[in-house]
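Novice: Following this message is one structure expressed as structure tokens.
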Amino acid sequence: MMKRKLICLFLLTMPLLGFTAHKFYVSVTHVNYVEKDDAFQITTRIFIDDFEAVLLERYGVKTALATPGESSVADSYIEKYLRAKLQIKLDGELQKYKFLGKRYDNDVIICYLEITQVNRPGMKSLEVQNEILTEMFEEQQNLVHLKVQGKKKSFVLYKESNKGMLNL
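Numbered by mature numbering (1 follows the signal peptide of the UniProt record, and there is no 0), the letters in the sequence shown go through residues -20 to -1, 1 to 148 in order.
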């Protein structure tokens, strides 16, 4: 009888153990238009370990993010990667953003970007293409939250569907 209970307990707990082994791959990007500054303020949150892995694979550089031994070239590779994988179009025109810097919050890197002097009083659309980490992780999901002129829209972007648009 005791042996039977142990077998049942084992069979019931085995499937639960599999759920803890799977890692969740996600980034979160906020794009917010600040009218008084005529600028788009952009923040992107990415798990540090995943970001380090993609920078190592793509550029062969060990960045050691969020450590005392962080590479002196880390910011330039972070910016280079973001420019390749995060694109923003306003009325169909690709916008160039400034990499303002980064900070760390536990196991997440938060990158700050800005598009200044937008000068588009008649904006019609904002398109975001986000391919962050999709070449590294098949399960990668990139959440994008847009807020422009009182309109809000959110997307879940992934490898096969990496663009979202807000019509204004």
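Cβ coordinates follow ideal geometry from the N, Cα and C atoms, glycine included.
Quick caveat, the model's predicted, so the values are computed rather than measured.
#1: Rounded to whole angstroms, what is the Cα-Cα separation between Lys133 and Gly144?
#2: May I ask you to list the residues that DSSP assigns as paired with Glu107?
#3: Should Gln97 be labelled buried (16 or more other beta-carbon atoms within 10 Å of its own) or exposed?
#4: Which class does Leu45 belong to by DSSP, given the choice of helix, strand or coil?
#5: For my contact list, Glu107 and Lys139 are in at a C-beta cut-off of 8 angstroms; report their separation, rounded to the angstrom.
#6: So, at 6 angstroms on beta carbons, what are the nonlocal neighbours of Leu113 in its own chain, with the 5 sequence-adjacent residues on each side left out?
#7: Report the three-state DSSP secondary structure of Glu37 (helix, strand or coil).
#8: Report all residues from its chain with a CB closer than 8 angstroms to the CB of Ala19; omit the five preceding and five following residues, and keep chain order.
Specialist: Judging by the given coordinates:
#1: Along the sequence shown, read from residue 1 onward, the residue named residue 133 stands at position 153. Along the sequence shown, read from residue 1 onward, the residue named residue 144 stands at position 164. Rounded to whole angstroms, Lys133 to Gly144 spans 9 angstroms at the Cα level.
#2: Start at 1 with the first residue of the sequence shown, and residue 107 comes out as number 127. Lys69, Met145, per the DSSP bridge assignment.
#3: On the sequence shown, position 117 is the one that residue 97 refers to. Label assigned to Gln97: exposed.
#4: By one-based count along the sequence shown, residue 45 stands at place 65. In the structure shown, Leu45 sits in coil (DSSP, three-state: anything other than H, G, I, E or B).
#5: Translated into the one-based positions of the sequence shown, residue 107 becomes position 127. Translated into the one-based positions of the sequence shown, residue 139 becomes position 159. Between Lys139 and Glu107 the Cβ distance is about 18 angstroms, and since that is not below 8 angstroms, they are no contact.
#6: The residue you call residue 113 lines up with position 133 of the sequence shown. These residues qualify, in order along the chain: Asp30, Val34, Gln120.
#7: As a working mapping, residue 37 is identified with position 57 in the sequence shown. If DSSP states are grouped into helix, strand and coil, Glu37 belongs with the helices.
#8: As a first step, residue 19 is located in the sequence shown; it is residue number 39 there, counting from the start. Excluding positions up to five away in sequence, the list reads Tyr13, Glu94, Ile95, Thr96, Gln97, Val98.
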